[in-house]
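Numbering (the UniProt record's numbering) for the sequence shown: 1 to 487. Just so you know, even glycine gets a beta-carbon here, dropped at the ideal spot from N, CA and C. A quick write-up on the structure given underneath.
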Amino acid sequence: MVDKDLLSIQEARALVHSARSAQNEFAQLSQERVDSIVKAIAEAATKQATELAQLAVEETGFGKVEDKTTKNRLASEKLYQAIKDMKTIGVINNDIAKKIIEIAVPTGVIAGIVPSTNPTSTTIYKSLISLKSGNAIVFTPHPSASKCIGKTVTLIRETLRSCGVSEDMVSVMNIPTIEGSGELMRKVDLILATGGPGMVKAAYSSGTPALGVGAGNVPVYIERTADINDAVTKIMASKTFDNGTICASEQAIITDKVIDAQVRATLKAQGGYFLQGSELDNVKRVMERPNGSMNPAIVGRDAKYIADLAGITVPSDTRLLIGEESGVGPAYPFSKEKLTALIGYYTVEDWNEACELSIKLLHNGGVGHSLAIHSKDESVICAFGLKKPVSRMLVNTPSTHGAVGLSTNLFPSFTLGCGAVGGSSTSDNVTPEHLFDIRRVAYDTEELSLSYSNNAPTNDTDVTSTEGSVDVDMITKMIINELKKMS
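See the structure below:
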């Protein structure tokens with residue numbers, strides 16, 4: 001019997017070897033040629049957006065076809081519009097005044113780690129930004145989404161072939177094991193890590209440069225001056241989008257007590273269901289595994305599915321299950337990240353208390369990621385922006401849509417950096433510009449006093465005494481005289 005790990009390791013090495021050969025040729029192409037290839041792939045992915053979404057839902061059981069289609073279009077159509085005019089090949093800037101030329105240098109071969117929650121959209125996105133920056137990419141798929149990721153890669157490879165370039169610019173492991181993925185990460189030049197905390201940590205521990213993300217435990221604060229109906233509408237749309245599979249989705253609502261009744265009523269009117277007593281206990285039991293981690297059985301599932309799993313009955317129009325919490329930490333499941341149709345609920349006296357609670361929630365598994373606020377008070381918005389340990393703060397917009405660039409002007413991205421505070425190497429939405437180095441050619445701009453003066457000591461100015469010892473005073477005077485000439 002052949003060892004699967006050994007096969008996986010051998011496959012990783014072979015794919016990287018082929019990718020490197022392909023990238024060496026691809027690196028010779030012009031910006032115009034690369035752009036035409038990227039455009040062709042974006043168009044092909046856009047045409048197949050719905051079919052790929054269906055495959056992802058069928059294989060993983062996560063999310064909704066309609067929303068995954070939107071994500072696929074974001075990763076292809078909208079991403080292409082954002083990058084089409086970006087200079088990424090060869091000379092990207094020539095500053096005549098400063099006499100500096102900047103040249104983009106591709107990283108080489110990239111390892112793309114793909115999660116099961118956003119499999120096809122992440123594959124499209126990472127392929128496009130890699131190719132746009134002149135790089136090849138080899139994907140290691142999540143085992144539960146390998147078929148739909150493989151189908152997406154096949155589509156891209158066919159398009160590459162039709163464009164007359166090597167299809168090995170984009171490839172995927174067919175035998176993904178932990179050992180094989182580890183070998184892949186060691187052999188490439190850069191890792192683009194999107195996935196669970198374990199995989200991201202492995203990427204940063206591989207010895208290869210990595211761009212990874214952190215977990216999201218996004219608080220959303222509905223401040224007393226907010227348009228409550230607008231805020232709730234956007235939170236419901238965001239949290240139920242693809243059944244909460246995007247890590248930037250809201251995880252806990254915080255609201256002022258003076259508007260608590262209005263917020264509750266509006267949530268209920270839009271399909272929010274507040275869990276009570278034993279209902280809350282039953283849902284908490286199915287939310288987590290014994291070790292306190294999220295139960296995979298509820299990820300990307302709708303409210304009705306979770307209710308049935310917990311053995312409780314909810315109205316047929318329920319869109320979101322809401323659990324009121326009194327604390328933050330391991331003992332409070334609704335204070336953690338929940339990539340599904342569940343959200344926590346807290347009330348506070350004012351924005352100062354909301355600020356402190358938000359920070360606690362962020363440090364409970366979401367530090368560095370994102371935060372959302374609904375408010376008309378610019379002073380409160382500014383105070384939140386100054387104090388929160390996040391890389392993006394979303395104002396009066398759905399957090400999911402805002403963070404990935406659907407409802408804001410943030411860069412369209414499925415790799416959201418969390419900065420140093422979140423254990424990431426960047427706080428940006430990752431773009432093609434993160435995937436190449438810049439070589440700077442700098443010309444001389446100053447006439448420096450570099451003329452040579454032969455002031456070697458003569459017999460008349462011997463710096464040593466008759467005994468052969470160094471005359472420190474004489475040397476000091478000579479240095480001072482030279483410095484005066486330069487001043």
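For a cut-off of 8 Å, the C-beta gap from Glu324 to Asn174 is around 47 Å, too long to register as a contact.
The C-beta of Thr152 has 16 or more other C-beta atoms within 10 Å across all chains shown, which makes the residue buried. Counting along the chain, Phe436 sits inside the beta strand (DSSP E) bounded by residues Phe436 to Ala442.
Of the candidates Ala297, Asn295 and Thr318, the residue whose Cα lies closest to the Cα of Lys304 is Thr318. Between the alpha carbons of Thr123 and Ser144 lies a gap of roughly 15 Å.
By the Cβ-count criterion, Thr445 is exposed, with fewer than 16 other Cβ atoms from all chains shown falling within 10 Å of its own Cβ. Boundaries of the alpha helix (DSSP H) around Phe384: Glu378 to Lys387. Counting only runs of at least 3 residues, the region 224–278 fully encloses the following beta strand (DSSP E) elements, listed from N- to C-terminal order: 250–256 and 272–274. For the set Val380, Ser379 and Leu339, the Cα lying nearest the Cα of Gly366 is the one of Leu339. Here the alpha carbon of Asp168 sits roughly 45 Å from the alpha carbon of Pro330. The beta carbons of Ile83 and Arg440 sit no closer together than 8 Å. The DSSP assignment places 65–73 and 79–83 as complete runs of the alpha helix (DSSP H) inside the region 53–84, in order along the chain (cut-off: 4 residues). Taking 8 Å as the cut-off, the Cβ atoms of Glu250 and Met294 do not count as close. Contact between Gly63 and Asp242 holds, with the beta-carbon distance rounding to 4 Å and staying under 8 Å.
A Cβ-Cβ separation of about 5 Å places Lys132 in contact with Val38 under the 8 Å criterion. Here DSSP, grouped into helix, strand and coil, assigns Val314 to coil. Sequence-distant partners of Tyr345 (beyond 5 residues in either direction) whose C-beta falls short of 6 Å from its own C-beta, in its chain, are Ile253, Ile322 and Glu324. When the five nearest sequence neighbours on each side are left out, the beta carbons in the same chain lying within less than 7 Å of the beta carbon of Leu15 are those of Val138, Ser171 and Met173, in order along the chain. As DSSP reads the structure, Ser370 sits in a beta bridge with Arg392. Under the three-state reduction of DSSP, Glu102 is assigned to strand.
One Cα belongs to Leu52, the other to Tyr125, and the distance between them is close to 14 Å.
About 6 Å separates the Cβ atoms of His142 and Val114, confirming a contact at the 8 Å cut-off. Assignment of beta strand (DSSP E) within the region 104–146, counting only whole runs of 3 or more residues, yields 109–114 and 136–141 in chain order.
Nearest to Phe411 by C-alpha distance, out of Val395, Pro432 and Ser424, is Pro432.
Contact annotation: Phe436 and Pro106 have beta-carbon atoms nearer than 8 Å.
Using a Cβ distance threshold of 8 Å, Ala403 and Leu416 count as a contacting pair.
Rounded to whole angstroms, the Cβ separation of Gly134 and Phe26 is 6 Å, and the two are in contact under 8 Å. Of the residues Leu361, Ala210, Ile438 and Ala44, the one whose Cα lies closest to the Cα of Val220 is Leu361. Beta-bridge analysis with DSSP links Glu288 to Met294. A distance below 8 Å separates the beta carbons of Thr426 and Leu211. Here Leu7 has Ile175 as same chain residues with Cβ atoms under 6 Å from its own Cβ, once five neighbours each way along the sequence are excluded.
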